[in-house]
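Colleague:
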Amino acid sequence: MTVPYDLAALPGRPCTIAAALELVGERWSLLVVREVSMGNHRFSDIARGTGAPRDRLTARLNALVAAGVLERRQYSDSPPRSGYHLTASGRDLLPVLQALLQWGNRWAAEEPPVHLHHAPAGHEDHVVDGEWVCRTCGEAVSRSRVERVLTPVGRALSGLPAEDEENREH
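Residue 40 in UniProt numbering sits at position 40 of the sequence shown; the count goes up by one each step and never skips.
#1: Is it true that the stretch 93-101 meets the stretch 57-65, where meeting means three or more beta-carbon pairs spaced less than 8 Å apart?
#2: Between Leu157 and Pro14, how many whole angstroms is the CB-CB distance? I'm expecting something under 8 Å.
#3: In this structure, does DSSP put Ser142 in helix, strand or coil?
#4: When DSSP builds the beta bridges, which residues end up paired with Leu70?
#5: Residues bridged to His126 by DSSP?
#6: Can you list the beta strand (DSSP E) stretches of 3 or more residues lying completely in the stretch 7-39, in chain order?
#7: Report yes if the CB atom of Val127 is closer than 8 Å to the CB atom of Leu116, and no otherwise.
#8: Taking all protein chains shown into account, decide if Trp28 is buried (16 or more other Cβ within 10 angstroms of its Cβ) or exposed.
#9: Would you identify the three-state DSSP class for Ser76, choosing helix, strand or coil?
#10: Under 8 Å: do the stretch 2-12 and the stretch 35-49 share three or more Cβ pairs, one atom per stretch?
#11: Look up Thr133 in the DSSP assignment and give the residues it is bridged to.
#12: With a threshold of 8 Å on Cβ separation, who are the neighbours of Gly49 within its own chain once the five nearest residues in sequence on each side are excluded?
#13: Which residues in the same chain have their Cβ closer than 7 Å to the Cβ of Arg72, if we skip the five residues on either side of it in sequence?
#14: Short check: CB of Leu23 to CB of Ala52, under 8 Å?
#15: Under 8 Å, do Pro95 and Asn105 count as touching if we go by C-beta distance?
#16: Just the C-alpha distance for Arg54 and Ala47, rounded to the nearest angstrom, thanks.
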């Protein structure tokens with residue numbers, strides 16, 4: 001289980017993006033999630049795939065387990081050895097990795113080393129291009145059609161009154 005982060009303890013604007021970055025924003029954290037999602041569960045395989053120094057990798061794995069992003073599963077008794085697996089919280093990071101991959105393919109590399117392909121039954125294999133789609137109505141969402149609305153918690157953390165003065169009934 002992922003432990004909620006104390007938004008009030010963060011500097012600057014209280015925001016779940018900042019809280020998420022506190023938990024998984026360090027480079028090695030997301031590379032660990034990438035490796036585990038690709039089926040690399042052992043420390044040595046994760047180290048090889050990420051290129052992380054062993055001490056940093058150990059710290060990141062421990063932090064990701066503590067945050068509920070990964071879980072340890074023992075695979076050997078003698079000697080005792082455990083592998084790392086994504087929790088539901090970790091699996092929810094996969095669209096973040098997809099977005100970073102797509103952004104990196106477009107902006108950070110001359111020639112992308114990887115594309116994601118989709119090959120459903122019934123039609124031809126094609127490259128996946130992440131799109132934001134409303135789960136309620138199915139409409140593609142563009143940035144211009146999204147409004148940022150503070151929740152009661154967001155209003156309190158921002159030092160605003162609990163209710164919007166304009167919308168209060170008189």
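Ideal Cβ placement from N, Cα and C applies to all residues, glycine included.
Modeller: For this structure:
#1: No: the two stretches stay apart, fewer than three of their Cβ pairs being nearer than 8 Å.
#2: Indeed, because the Cβ distance is near 4 Å, the residues count as touching under 8 Å.
#3: Ser142 sits in coil when the DSSP states are folded into three classes, being neither helix nor strand.
#4: Note: Leu70 sits in a beta bridge opposite Leu86.
#5: BP columns for His126 point to His118.
#6: Within the stretch 7-39, no beta strand (DSSP E) run of at least 3 residues lies entirely inside it.
#7: Yes; because the gap between Cβ atoms is below 8 Å, this pair is in contact.
#8: Buried is the label assigned to Trp28, since at least 16 other Cβ atoms lie within 10 Å of its Cβ.
#9: Reduced to three states, the DSSP call for Ser76 is strand.
#10: Contact between the stretch 2-12 and the stretch 35-49 is absent, because fewer than three Cβ pairs lie under 8 Å.
#11: Reading the sequence as shown, one finds Val at residue 133 and not Thr. Answer is Ala140.
#12: Same-chain partners within the cutoff: Leu31, Arg34, Glu35, Met38 and Asn40.
#13: Exclusion of the five residues before and after Arg72 leaves Val65, Ser82 and Tyr84 as the residues of its chain whose Cβ lies within less than 7 Å of its Cβ.
#14: For the 8 Å CB-CB criterion, Leu23 and Ala52 do not form a contact.
#15: Pro95 places its beta carbon 8 Å or farther from that of Asn105.
#16: Between Arg54 and Ala47, the C-alpha separation is close to 7 Å.
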